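Novice: Below: one structure in structure tokens.
Protein chains: 4
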Amino acid sequence: MAGSTFGKIFQMTTWGESHGQGIGVVVDGCPAGLELNEEKIQKYLNRRKPGQTRYSTPRKEDDLVEIQSGIFEGKTTGTPISMVVYNKTQRSKDYSEIAGYYRPGHADYTFDEKYGFRDYRGGGRSSGRETIGRVAAGAVAIEILKEFGIEVYAYSRAIAGVEIDDTKASRENIMKSPLYMPDLEASDRAEEILEKKMLEKDSAGGIIECVISGMPAGVGEPVFEKLDANLAKAVMSIGAVKGVEIGAGFGVADSFGSQNNDAFVMNDGVMSKKTNNAGGILGGISDGSDIVLRAAIKPTPSIAQTQRTVNREGENIEIEIKGRHDPIIVPRAVVVVEAMAAATVLDMLMLSMTSRIDLMKKFFDK
Amino acid sequence: MAGSTFGKIFQMTTWGESHGQGIGVVVDGCPAGLELNEEKIQKYLNRRKPGQTRYSTPRKEDDLVEIQSGIFEGKTTGTPISMVVYNKTQRSKDYSEIAGYYRPGHADYTFDEKYGFRDYRGGGRSSGRETIGRVAAGAVAIEILKEFGIEVYAYSRAIAGVEIDDTKASRENIMKSPLYMPDLEASDRAEEILEKKMLEKDSAGGIIECVISGMPAGVGEPVFEKLDANLAKAVMSIGAVKGVEIGAGFGVADSFGSQNNDAFVMNDGVMSKKTNNAGGILGGISDGSDIVLRAAIKPTPSIAQTQRTVNREGENIEIEIKGRHDPIIVPRAVVVVEAMAAATVLDMLMLSMTSRIDLMKKFFDK
Amino acid sequence: MAGSTFGKIFQMTTWGESHGQGIGVVVDGCPAGLELNEEKIQKYLNRRKPGQTRYSTPRKEDDLVEIQSGIFEGKTTGTPISMVVYNKTQRSKDYSEIAGYYRPGHADYTFDEKYGFRDYRGGGRSSGRETIGRVAAGAVAIEILKEFGIEVYAYSRAIAGVEIDDTKASRENIMKSPLYMPDLEASDRAEEILEKKMLEKDSAGGIIECVISGMPAGVGEPVFEKLDANLAKAVMSIGAVKGVEIGAGFGVADSFGSQNNDAFVMNDGVMSKKTNNAGGILGGISDGSDIVLRAAIKPTPSIAQTQRTVNREGENIEIEIKGRHDPIIVPRAVVVVEAMAAATVLDMLMLSMTSRIDLMKKFFDK
Amino acid sequence: MAGSTFGKIFQMTTWGESHGQGIGVVVDGCPAGLELNEEKIQKYLNRRKPGQTRYSTPRKEDDLVEIQSGIFEGKTTGTPISMVVYNKTQRSKDYSEIAGYYRPGHADYTFDEKYGFRDYRGGGRSSGRETIGRVAAGAVAIEILKEFGIEVYAYSRAIAGVEIDDTKASRENIMKSPLYMPDLEASDRAEEILEKKMLEKDSAGGIIECVISGMPAGVGEPVFEKLDANLAKAVMSIGAVKGVEIGAGFGVADSFGSQNNDAFVMNDGVMSKKTNNAGGILGGISDGSDIVLRAAIKPTPSIAQTQRTVNREGENIEIEIKGRHDPIIVPRAVVVVEAMAAATVLDMLMLSMTSRIDLMKKFFDK
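Residue numbers (numbering that gives the first Met the number 0), protein chains in the order written: chain A, 0 to 365; chain B, 0 to 365; chain C, 0 to 365; chain D, 0 to 365.
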């Protein structure tokens with residue numbers, strides 16, 4: 000069934016394969032009046048583009064976005080915004096070999112089981128290139144959220160077992176680290192491990208953390224469309240993510256009520272919480288604190304070491320995956336997590352506008 | 000907006016508050032022909048009922064389910080199944096005090112912010128009693144999945160910092176442990192800690208693990224309606240859940256590709272994987288292995304210790320929450336996780352029936 | 000699949016069969032703060048209740064509604080409102096005969112084909128009693144719309160071939176006519192024909208017209224969620240409706256552009272249209288004029304005349320349907336059309352709140 | 000909010016404006032294994048293309064479709080199919096005048112009210128060109144339905160007040176008539192009237208009829224997702240449609256039960272109905288007969304006669320719309336109705352696959 004549309008009233012619909020004509024997205028439900036152009040979107044796409052550092056595949060892909068609809072005189076019109084990035088460097092010959100077997104950790108086998116066959120070129124629809132559409136749509140969401148004083152930003156919290164030290168981290172550092180780690184010492188150590196893993200033809204995983212600040216309280220729809228539930232879905236839908244947590248996350252499991260409860264406090268007439276183990280969400284509704292979530296990213300499954308697997312004929316074989324692949328997905332996925340979180344938060348912010356008759360009246364009393 | 004409906008074609012819509020007339024659920028999209036009666040549903044509800052052990056609140060609530068529609072001559076008719084559990088022991092007087100302040104870790108503040116006021120009796124809609132509807136609907140899903148050879152079961156993996164040892168665990172043990180821990184030694188140790196925490200007027204958290212076995216490969220709809228994405232949403236929508244992971248989960252973050260990749264192997268013509276770090280899902284699609292997921296459950300926020308908070312007038316105050324509350328939510332939440340996982344898997348199983356024209360033709364060639 | 004939920008963010012989910020425990024509805028997404036009680040709902044239900052006049056079945060059904068959740072201290076809380084009408088006069092024996100054959104004009108055959116069997120008592124889920132849930136939910140919608148100055152009302156435009164004369168019709172007359180016709184002379188003439196048809200053991204059809212006044216311009220979401228498209232679905236989903244039209248409706252087919260175009264005119268700074276052939280909707284968006292729609296209602300299919308049909312064994316047979324049935328459905332369906340129109344308009348009104356960033360800002364600038 | 004996606008599991012998402020880069024559609028949920036290429040789609044697009052006859056605007060638009068994704072080795076892969084028709088002849092200067100006023104019968108005013116401003120070039124998103132996406136997506140649906148023995152075809156039933164005589168009509172004639180009327184005599188008479196209206200700078204309306212044959216019984220989901228309800232929405236969402244009816248349609252209003260009921264009859268073991276006033280749908284579910292629906296199409300609102308209207312400054316003015324416009328929309332809209340009906344039927348056919356456990360088992364017993 001259709002599974003390429005995300006969101007209820009701010010929606011993105013993505014399309015495209017790694018080696019088809021291009022990767023695209025239709026953003027529908029974007030409110031009218033946002034100043035938008037290709038440069039604004041490109042800025043985000045550049046952060047997921049390959050070839051930026053030695054830790055990402057050196058394939059040169061320009062990944063230039065074109066806006067095809069939904070903008071008039073520099074502003075969104077409220078109608079669908081179609082965006083496309085044409086594929087430039089499809090070299091189908093590189094991928095012909097993988098047509099015949101199932102790469103461990105990839106979706107080759109499950110696509111074949113589900114659909115009967117698959118576009119095997121570069122992973123087809125299951126390629127990481129699919130996230131281009133997410134990032135372009137998320138960029139629109141982030142730009143809108145800014146208009147409401149809401150900021151969304153993400154970074155690498157841990158890479159290859161090296162975690163940042165919060166006391167040494169700063170938001171400014173994020174862009175200084177090739178790994179998008181806000182603690183530059185941790186970044187250096189992680190780089191060393193990555194160098195070693197590259198020599199061993201191996202790959203590494205990590206954790207991405209995302210913060211949404213400036214959130215008004217009251218966003219999220221109990222009991223199934225809770226803000227955390229939709230964030231979990233949004234982030235878990237990104238390839239390579241195997242876990243999602245909010246606030247203290249899995250840490251709550253060996254915590255106690257007296258530690259984990261966040262005391263409410265009033266400071267100069269402003270409601271806040273002493274701690275933020277809840278990660279800004281109580282009962283599935285934003286509480287006005289920063290929303291904090293984390294995603295666990297698995298190591299790149301494409302490694303050059305010899306691996307055992309099965310071919311389409313059902314025979315046990317050994318393979319060595321050719322070509323250069325990212326030894327780590329985490330840095331390039333940072334902006335993808337940001338995009339999915341932003342799209343979710345915007346959609347739910349909009350949905351929260353109908354919670355109360357008194358506030359709705361304010362809206363309609365023009 | 001409406002947030003009380005879950006699922007696309009197998010849907011549950013829940014309603015009810017802790018101290019209203021009752022808690023109910025409408026299950027819509029249930030295929031016709033399933034033998035169903037109240038006993039089958041009650042079996043599941045009994046597992047979440049309070050008063051079963053000394054680790055759950057001693058309030059006596061019968062929680063007897065009534066089926067009101069959708070069954071004829073003992074079988075589902077394909078029309079909506081309405082089920083209700085009437086509230087018996089609403090003592091609104093117990094809760095009048097909490098009307099005026101915001102309990103830490105609860106949704107009191109966020110409901111007030113969102114809706115302008117709240118039904119404060121027993122937590123109203125944000126009460127754990129809301130999960131009765133989920134369990135009743137999930138029970139229907141589990142019964143249908145059995146018809147297709149799919150089993151769903153869950154248990155406490157960790158409680159109050161005590162984790163099970165897989166080598167000592169067995170599925171039979173689950174029901175022998177008052178904490179639903181399949182390793183009885185771990186269960187004993189966890190009980191000891193809970194006893195201590197109860198004396199300290201404190202509460203504890205834990206981890207629930209859920210296994211879905213017998214899954215056919217090919218279920219899950221890239222790129223947003225992936226099986227793992229929907230499971231994450233389903234489980235994160237349960238109150239008190241702060242994290243969800245699939246397979247190796249957060250463990251992938253400090254693992255390497257050579258360790259984390261699951262090698263495919265052919266055994267006597269049957270495809271399988273040597274390991275199951277993927278937790279049965281590759282590219283968002285079931286791969287035929289067991290699906291394994293875990294949920295982190297926070298400690299019960301209602302504790303009798305003195306806590307600081309803010310009242311509706313915006314004053315900093317100190318409170319002590321009266322009444323007996325579960326020192327741990329985990330055991331009673333086990334069947335809730337099971338229910339939400341089952342509803343998700345059934346919905347996605349149904350949706351996967353339209354993936355291929357050749358298989359669809361088989362269906363329509365009557 | 001699930002088909003018993005209507006609406007996107009103001010949702011109703013109905014359940015129940017003619018001869019089960021009752022008929023119910025869960026209204027979800029109702030904004031908090033509306034004063035609501037059972038009397039308000041009952042007023043609408045009484046208009047569709049049988050036994051009101053000699054043109055409706057004399058079965059006595061009290062059809063008293065109970066609100067089970069979602070209200071606290073007399074106001075909606077923003078959480079699901081469950082409402083139920085328990086069935087009182089189920090006499091299953093009356094219906095045992097129809098179990099074995101397919102009544103012409105009824106859904107007996109299609110239910111059997113779809114689900115393999117059916118609850119044949121009184122039509123089961125396909126009974127007109129199903130509309131109780133719609134009316135109860137629609138009543139909530141109408142009450143909310145009133146808060147925004149929007150009124151929804153319907154009446155019988157034509158019955159048994161007698162159409163009202165607009166120059167003789169007034170809104171006050173509607174409730175004076177046993178057929179809910181606003182032209183009392185037409186009502187008398189229609190009554191005469193109905194009397195005759197009843198003697199002939201026959202039944203009649205008609206047309207219901209619904210007006211929505213006070214609509215702001217700008218409601219409706221091109222290109223598929225247009226206001227008229229959703230109204231058409233809402234109304235066509237009512238049993239017995241075979242056609243829906245907006246404004247001039249089918250009359251446009253032999254009209255010309257110079258006649259059918261509604262000229263815009265400015266009167267004292269207020270935008271309006273000279274005529275309203277558009278029925279208040281242009282390009283799928285409300286234009287600020289009254290919305291006018293009509294539904295064609297078929298004659299009651301249950302008639303006492305001898306009819307030919309087929310039984311479950313596949314044999315051609317002749318039947319005479321026992322029991323008293325409404326000789327005309329139209330009057331009782333008036334409030335159902337009103338309910339469905341109101342639910343649709345409210346849902347779309349809410350959805351229109353995110354069309355523009357500048358207006359959204361007004362909402363969030365608290 | 001997002002309104003450019005249609006369908007539940009077979010979905011189309013359209014984008015594009017009359018004078019933007021192009022018009023496109025993403026078809027998601029298309030099952031894998033259908034042989035598909037651009038020629039197959041183009042065949043349908045050619046039927047809505049302008050410049051075919053003297054009754055459509057002579058603007059030359061090639062409207063050539065490109066498939067950008069979702070096809071591999073000539074077959075659908077089960078992933079989104081993106082299709083685009085680039086705009087060739089956008090001459091924005093032609094439309095600069097209409098920026099300042101509201102054309103009667105058009106969506107200029109409602110777009111301005113809803114979004115604050117509009118892309119006025121050629122009607123922007125509200126242009127008839129928007130239907131290109133619908134036709135391309137509908138073509139995919141029609142091709143899939145063929146695989147299941149289901150045919151969808153439409154034609155002009157009435158034009159400018161001239162209706163076809165069923166006894167003189169044949170399916171073969173449809174393509175012989177420049178107006179797609181299956182009764183060629185009626186077609187000639189309608190042409191004469193159109194000629195006259197063109198001289199008078201006026202335009203005409205009509206009725207399109209659509210037949211779906213080969214439908215299995217059992218498709219449609221009570222009580223809101225009925226087959227007729229979704230068809231009504233689908234067709235009413237097409238610009239210029241002001242009414243939809245099924246089977247006898249508005250004719251039921253002055254019919255009687257004894258006339259309108261369709262008797263079931265068994266012929267050589269095959270169930271059928273003596274008449275088809277129901278239009279193939281009973282209780283919202285297909286009954287195995289042909290599905291028959293009709294749509295009322297309003298006269299083209301763009302006419303060259305002097306018209307009164309209001310400009311953006313709120314002044315009453317007189318206008319004459321420049322440029323050549325279709326004197327009649329009906330013939331070009333025939334394939335659009337066909338497309339929307341097909342997309343609806345396919346979606347609902349897929350959804351009907353989960354109605355019964357016994358049939359589902361057949362599917363999963365591979």
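Using N, Cα and C, we set each Cβ at its ideal position, and we do this for glycine too. These numbers come from a predicted model, not from an experiment.
Between C:V336 and C:I237, which are expected to be in contact by the criterion C-beta below 8 Å, what is the C-beta distance as a whole number of angstroms?
Specialist: Numbered from 1 along the third sequence, position 337 holds the residue referred to as residue 336 of chain C. Numbered from 1 along the third sequence, position 238 holds the residue referred to as residue 237 of chain C. With a Cβ gap of about 7 Å, C:V336 and C:I237 count as contacting.
Novice: Along the chain, where does the beta strand (DSSP E) containing A:I302 start, and where does it finish?
Specialist: Locating residue 302 of chain A in the first sequence gives position 303, where the first residue counts as 1. That residue, A:I302, is in no beta strand (DSSP E); it is neither H nor E in DSSP.
Novice: Do D:N86 and D:G2 have their C-beta atoms closer together than 7 Å?
Specialist: Locating residue 86 of chain D in the fourth sequence gives position 87, where the first residue counts as 1. Locating residue 2 of chain D in the fourth sequence gives position 3, where the first residue counts as 1. Against a cut-off of 7 Å, the Cβ pair of D:G2 and D:N86 comes out as no contact.
Novice: Please go through the same chain and pick out, in chain order, the residues whose beta-carbon is closer than 8 Å to the beta-carbon of C:A31, but skip the five residues on each side of it.
Specialist: Along the third sequence, one-based indexing puts residue 31 of chain C at 32. The answer, listed in chain order, is K74, T75, T76, G77.
Novice: What's the gap between the Cα of B:T166 and the Cα of B:G160?
Specialist: Counted from its first residue, the second sequence places residue 166 of chain B at position 167. Counted from its first residue, the second sequence places residue 160 of chain B at position 161. For B:T166 and B:G160, the distance between alpha carbons rounds to 18 Å.
Novice: Given that B:D62 touches chain A, what residues does it touch there, using C-beta distances under 7 Å?
Specialist: Along the second sequence, read from residue 1 onward, the residue named residue 62 of chain B stands at position 63. Simply none; closest approach about 18 Å.
Novice: Considering only the beta carbon of each residue, do B:G104 and A:T109 sit closer than 7 Å?
Specialist: Position 105 of the second sequence, counted from the start, is the residue given in the question as residue 104 of chain B. Position 110 of the first sequence, counted from the start, is the residue given in the question as residue 109 of chain A. Their beta carbons are not under 7 Å apart, which means B:G104 does not touch A:T109 by this criterion.
Novice: Which of helix, strand or coil does DSSP assign to A:V222?
Specialist: Along the first sequence, one-based indexing puts residue 222 of chain A at 223. Coil, per DSSP.
Novice: With DSSP collapsed to three states, give me the class of C:N315.
Specialist: Along the third sequence, read from residue 1 onward, the residue named residue 315 of chain C stands at position 316. Strand, per DSSP.
Novice: I need the DSSP call for A:G148, collapsed to helix, strand or coil.
Specialist: Within the first sequence, numbered from 1, the residue matching residue 148 of chain A stands at position 149. Coil at A:G148, not helix or strand.
Novice: Would C:Y119 count as contacting chain D if we go by Cβ distances under 7 Å?
Specialist: As a working note, residue 119 of chain C is residue 120 in the third sequence. For C:Y119, the answer is no, since every Cβ of chain D falls outside 7 Å of its Cβ.
Novice: What does D:Y114 reach in chain A if we use C-beta pairs closer than 7 Å?
Specialist: The count along the fourth sequence starts at 1 and reaches residue 114 of chain D at position 115. Correct list: A31, T76, G77.
Novice: Can you tell me which of the three DSSP states A:Y100 falls into?
Specialist: Here the question's residue 100 of chain A lines up with position 101 in the first sequence. Here A:Y100 sits in strand by DSSP.
Novice: Identify, in the order they occur along the chain, each residue of the same chain with its Cβ nearer than 6 Å to the Cβ of C:I141, setting aside the five sequence neighbours on each side.
Specialist: In the third sequence, the residue the question calls residue 141 of chain C occupies position 142. If we look at C:I141 and ignore the five residues flanking it on each side, its Cβ neighbours are V151, A341.
Novice: Please name the residue or residues paired with C:Q10 in a DSSP beta bridge.
Specialist: Walking along the third sequence from the start, residue 10 of chain C turns up at place 11. Looking at the DSSP assignment, C:Q10 forms a beta bridge with C:D27.
Novice: In this structure, what does DSSP give as the bridge partners for C:Y85?
Specialist: Looking up residue 85 of chain C in the third sequence gives position 86. According to DSSP, C:Y85 bridges with C:G21.
Novice: Let's see if you can read the secondary structure: which residues bound the alpha helix (DSSP H) around A:K195?
Specialist: As a first step, residue 195 of chain A is located in the first sequence; it is residue number 196 there, counting from the start. Run containing A:K195: 183 to 198, per the alpha helix (DSSP H) assignment.
Novice: Helix, strand or coil for B:I173 per DSSP?
Specialist: Stepping through the second sequence from its first residue, residue 173 of chain B is reached at position 174. Note: B:I173 maps to helix in three-state DSSP.
Novice: Using a 10 Å radius around the Cβ and a threshold of 16 neighbouring Cβ atoms, would you call D:D267 buried or exposed?
Specialist: Residue 267 of chain D sits at position 268 when you count from the first residue of the fourth sequence. D:D267 should be labelled exposed.
Novice: Tell whether a beta-carbon distance below 7 Å holds between A:M0 and B:T12.
Specialist: The sequence position of residue 0 of chain A within the first sequence is 1, counting from 1. The sequence position of residue 12 of chain B within the second sequence is 13, counting from 1. Going by C-beta atoms, A:M0 is not nearer than 7 Å to B:T12.
Novice: Taking DSSP as the reference, what is the three-state secondary structure of A:L281?
Specialist: As a working note, residue 281 of chain A is residue 282 in the first sequence. Of the three classes helix, strand and coil, the one that applies to A:L281 here is strand, per DSSP.
Novice: With distances taken between CB atoms, is the gap from C:C29 to C:I66 smaller than 7 Å?
Specialist: Numbered from 1 along the third sequence, position 30 holds the residue referred to as residue 29 of chain C. Numbered from 1 along the third sequence, position 67 holds the residue referred to as residue 66 of chain C. No. Outside cutoff.
Novice: So, using beta-carbon positions, are B:D182 and B:D201 closer together than 7 Å?
Specialist: Taking the first residue of the second sequence as position 1, residue 182 of chain B is located at position 183. Taking the first residue of the second sequence as position 1, residue 201 of chain B is located at position 202. Not closer than 7 Å, so no.
Novice: B:R311 to A:S271, Cα distance in whole Å?
Specialist: Numbered from 1 along the second sequence, position 312 holds the residue referred to as residue 311 of chain B. Numbered from 1 along the first sequence, position 272 holds the residue referred to as residue 271 of chain A. Whole-angstrom Cα-Cα distance: 13 Å.
Novice: Between the C-alpha atoms of D:D366 and D:Y154, what's the straight-line distance to the nearest angstrom?
Specialist: Nothing can be reported for residue 366 of chain D: it is not among the residues displayed for chain D, which extend from 0 to 365.
Novice: With distance defined between alpha-carbon atoms, name the residue in C:E16, C:T305, C:E319, C:S257 nearest to D:M197.
Specialist: Along the fourth sequence, one-based indexing puts residue 197 of chain D at 198. For D:M197, the nearest C-alpha among the options comes from C:S257.
Novice: Given a cut-off of 7 Å on the beta-carbon distance, is the pair C:A135 and C:V64 in contact?
Specialist: Along the third sequence, read from residue 1 onward, the residue named residue 135 of chain C stands at position 136. Along the third sequence, read from residue 1 onward, the residue named residue 64 of chain C stands at position 65. Going by C-beta atoms, C:A135 is nearer than 7 Å to C:V64.
Novice: So what's D:T78 in DSSP terms, helix, strand or just coil?
Specialist: The sequence position of residue 78 of chain D within the fourth sequence is 79, counting from 1. DSSP places D:T78 in coil when its eight states are reduced to three.
Novice: If you drop the 5 nearest sequence neighbours on each side, which residues of the same chain put their C-beta closer than 6 Å to that of C:G287?
Specialist: The residue you call residue 287 of chain C lines up with position 288 of the third sequence. Closer than 6 Å at Cβ, skipping near neighbours: A216.
Novice: If the cut is a Cβ gap below 8 Å, which residues of chain B does C:S3 touch?
Specialist: Looking up residue 3 of chain C in the third sequence gives position 4. Going along chain B in sequence order, the residues near C:S3 (Cβ under 8 Å) are V25, D27, T78, P79.
Novice: Let me check understanding here. Comparing Cα to Cα, which of B:G148, B:T305, B:N275, B:G23 lies closest to B:E199?
Specialist: The residue you call residue 199 of chain B lines up with position 200 of the second sequence. The shortest C-alpha separation from B:E199 is found at B:T305.
Novice: Under 7 Å Cβ-Cβ, which residues of chain D neighbour C:P300?
Specialist: The residue labelled residue 300 of chain C in the question sits at position 301 within the third sequence. Residues of chain D passing the Cβ test: G256, N260.
Novice: Should D:R53 go down as buried or exposed, given a rule of 16 or more other Cβ atoms within 10 Å for buried?
Specialist: Stepping through the fourth sequence from its first residue, residue 53 of chain D is reached at position 54. The residue in question, D:R53, is exposed, as its Cβ has fewer than 16 Cβ neighbours within 10 Å.
Novice: Name the residue from B:P300, B:G115, B:E317 whose alpha carbon lies nearest to the alpha carbon of B:T308.
Specialist: Here residue 308 of chain B refers to the residue found at position 309 of the second sequence. The option with the nearest alpha carbon to B:T308 is B:E317.
Novice: Of all the residues that make up the region 228 to 251 of chain B, which are near chain A by a beta-carbon distance shorter than 9 Å?
Specialist: The residues in question are A228, N229, L230, A231, K232, A233, V234, M235, S236, I237, G238, A239, V240, K241, G242, V243, E244, I245, G246, A247, G248, F249, G250, V251.
Novice: Among B:T274, B:M265, B:I245, B:F9, which one has its Cα closest to the Cα of B:N259?
Specialist: For the purposes of this step, residue 259 of chain B is taken as residue 260 along the second sequence, with counting starting at 1. Of the candidates B:T274, B:M265, B:I245, B:F9, the one whose C-alpha sits nearest the C-alpha of B:N259 is B:T274.
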